[in-house]
Structure formats: structure tokens, C-alpha cells
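Participant: Numbering (our numbering) for the sequence shown: 1396 to 1650.
A virtual CB, placed ideally from N, CA and C, is assigned to each residue, including glycine.
Just so we're clear, the structure is a prediction, and the values are computed from it rather than from any experiment.
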Amino acid sequence: MKTINTFLNEPNKFLIIAGPCALESEDQMRYILNETGNTNVFRAGIFKMRTNPNSFQGLGVKGQQIIKDLKKEFDFEFVTEITDPRQIEMLDEVVDMYQIGSRNMYNYDLLKELNSLNKPVLLKRAFSATVNEWLNAAEYMPQLGEEKIILCERGIRTFETSTRNTLDLNSVIYLKQTTNFKVLVDPSHASGIKSMIEPLSLAAIACGADGLLVETHPNPSEALSDKEQQINCTDFRELKNKLSLYSKIANKEII
Ligand code: PEP
Ligand code: MN
């Protein structure tokens, strides 16, 4: 069984998704695929929702072709954000799980489209959404439900400005205690600071999270987006080693 399906169907798995904020080139992605040791599920933004319209917007169609080619060479599953239903035709060929980004959690027409596709969806929390609003967004995809929707806590906007967002680990504990959803944590967007990725990841597994989404880049200082929060592949492998110690205490198997 493929990793995402295993994760959704078997208990006590801890899914780690790695990859760059944005897909920038085939070489970049090939390096990530080669250097992240025993990782099966990868992320990379093909369509980027940037706050500033002049920032890098992603490779679009060219990015889809890169993933299509790499899938012939490597055995991996791919997660990417969809920002518009018109992208489905192109993305469906390469996507194993759709990501709904924070800025689109309230885009109910987009959610309804994904509901009919029957592929797993990674639903990120809007940065100002209550847990209840987040769960309501999931309800727009009743055919997927708790079996095929994975929630992703990525930090919320608070009065605090020393970090990009504030990781709301309360939400992870709350959701694990009151729902059957799998819950991932994205420490990268939650903090915006690479030195905080490891401690937040360890905190996440201690709070019962089912996995992580970690932005990983061959050379973060040259990334076209989110350079401050991406870790390199050496640091990623080290993070995985650390997590494997904690996963024993949490009774989870890293996949
Ligand atoms: C992302 O994961 O690529 C991303 C843009 O995150 P968010 O939607 O949480 O800001
Ligand atoms: Mn990013």
C-alpha cells in the first residue's frame, strides 16, 4: 500500500512530508528526492499564493511537467496546493493528495470540487480561523470525511510578532481528543524561523500530532520563497533521527 493510504488506514503512523516551499527547478527537486533518506511523500508549491503579487508565483504548467518526469524516475507521492478548480485537469495527473492552503480554507467552491474527486486532501487551517470554522470547512467535503481529510495546523495570527505565526498546539490536542481526524503540524509556516523547526516538531509529536509538513530546500539561503524557514537536507535527516527517538515514546512509526 502507498504511504498516504497506509497513513490514513492504519493507526500509530507518523507521516513526515518534506520538500521545498516552491518547486523551482527539476534539479532542485531531484536533489531533495535523493537526499531526504527514506522519505516517501513530498511537497512543493507549483502555484504559489503570495501576499505580494510581484513575488515568485510558482512554475505552473512547467512545474507539473517536472513532477511528471520525476515520477517516472522516482517512486514518491506528491502533495501540492491547488488554488483554483481550473487547475484540477492538469494537477490530477501528478497529485496524490491536494493541499488547501491557509488562504483558501474558506474557498468553499474549491472544497466542493475536491470533495467530488475522492483524493485525500490536506486541509490547512486559515491563519485566523477558529478550530470550529476549520472543522466546518472539512464538512464541505463530506465524501472524504475523517477517512480522507488530513488537518494541518500551521500557526495562527496572534498579537505576537516575534515569530511569523503562533503554533497553536492546543488545537492539535483538542482535535485528537474530540475528532478522528489525522492532524499534521507545519512548524515551518508556524514559526518562520529555521532554528525553531526541531523544537516545534518534537513538541508536536509530544502533543499527539500524526505527522509533520517540513519545508526543505537544497540551499535555503537561495530559495525563491520562505528562505528563512526552510531547512537543508542534512538538517532534515538529523530532525528525522531525533524524531525517531521521540516516536518510540509516542508509540508511533515514522513513515
Ligand atoms: C504552503 O504550505 O506552501 C503554504 C503556503 O502554507 P500556508 O497555506 O499554510 O500559508
Ligand atoms: Mn512556504
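If you compare alpha carbons, which of ASP1563, PRO1415, ASN1407 and THR1398 is closest to SER1620?
Facilitator: PRO1415
Participant: With 8 Å set as the bound, which would you pick, yes or no: does the beta-carbon of SER1639 sit closer than that to a beta-carbon of chain C?
Facilitator: Protein chains in the displayed structure number just one, and chain C is not present.
Participant: Between the Cα of LEU1640 and those of ALA1598, LEU1608 and GLN1624, spot the shortest distance and give me the residue it belongs to.
Facilitator: ALA1598
Participant: Considering only the alpha carbon of each residue, which of ALA1618, GLY1603 and GLY1550 lies closest to GLN1572?
Facilitator: GLY1603
Participant: Hey, LYS1514 and TYR1501: beta-carbon distance below 8 Å or not?
Facilitator: no
Participant: Does THR1611 pass the burial test, meaning 16 or more other C-beta atoms within 10 Å, or should it be called exposed?
Facilitator: buried
Participant: Got a sec: does the ligand PEP put a non-hydrogen atom nearer than 7 Å to the Cβ of LYS1577?
Facilitator: no
Participant: Rounded to whole angstroms, what's the CA-CA distance from LEU1570 to THR1525? Just pull it up for me.
Facilitator: 12 Å
Participant: DSSP state of CYS1628, grouped into three classes?
Facilitator: helix
Participant: How far does the beta strand (DSSP E) with GLN1460 in it extend, from its first residue to its last?
Facilitator: It is not in any beta strand (DSSP E) - GLN1460 instead sits in the alpha helix (DSSP H) that spans 1456 to 1468.
Participant: What span of residues does the beta strand (DSSP E) with GLU1548 cover, start to end?
Facilitator: 1544 to 1548
Participant: Answer yes or no: the CB of LYS1622 versus the heavy atoms of the ligand PEP, is any distance below 7 Å?
Facilitator: Outside the cutoff, so no.
Participant: Classify GLU1555: buried if its beta carbon has 16 or more other beta carbons within 10 angstroms, exposed otherwise.
Facilitator: exposed
Participant: State the Cα-Cα distance for the pair VAL1489 and GLY1440, rounded to the nearest angstrom.
Facilitator: 13 Å
Participant: Could you please give the first and the last residue of the uninterrupted beta strand (DSSP E) stretch that includes THR1561?
Facilitator: Unbroken run through THR1561: none, as it is neither H nor E.
Participant: In its own chain, which residues sit with a C-beta less than 7 Å from the C-beta of GLU1542, not counting the 5 before and 5 after it?
Facilitator: Counting only Cβ-Cβ distances below 7 Å, and skipping sequence neighbours, we find LEU1403.
Participant: Would you tell me roughly how many angstroms separate the C-alpha atoms of ASN1407 and ASP1605, rounded to the nearest one?
Facilitator: 8 Å
Participant: I need the straight-line Cα distance from LEU1505 to ILE1477, nearest angstrom please.
Facilitator: 9 Å
Participant: According to DSSP, PHE1437 sits in a beta bridge with which residue or residues?
Facilitator: ALA1413 and PHE1473
Participant: Determine, using beta carbons only, whether ILE1399 and GLU1472 come nearer to each other than 8 Å.
Facilitator: Going by C-beta atoms, ILE1399 is nearer than 8 Å to GLU1472.
Participant: Checking 8 Å against the spacing of the C-beta atoms, do SER1497 and ALA1521 come in under that value?
Facilitator: A distance below 8 Å separates the beta carbons of SER1497 and ALA1521.
Participant: In the DSSP assignment, find the unbroken alpha helix (DSSP H) run with GLN1423 in it and report its ends.
Facilitator: 1421 to 1430
Participant: Indicate whether PHE1409 and LYS1635 have their beta-carbon atoms separated by less than 8 Å.
Facilitator: no
Participant: Tell me whether THR1446 is buried or exposed, calling it buried when 16 or more other Cβ atoms sit within 10 Å of its Cβ.
Facilitator: exposed
Participant: What separation, rounded to the nearest whole angstrom, lies between the Cα atoms of TYR1503 and LEU1509?
Facilitator: 10 Å
Participant: Going along the chain, which residues of its own chain have a beta-carbon closer than 8 Å to the beta-carbon of SER1586, five neighbours each way excluded?
Facilitator: GLY1550, THR1558, ARG1559, ASN1560, LEU1562, ILE1592, LEU1595 and GLN1624
Participant: Tell me LYS1514's beta-bridge partners as DSSP assigns them.
Facilitator: None, per the DSSP bridge assignment.
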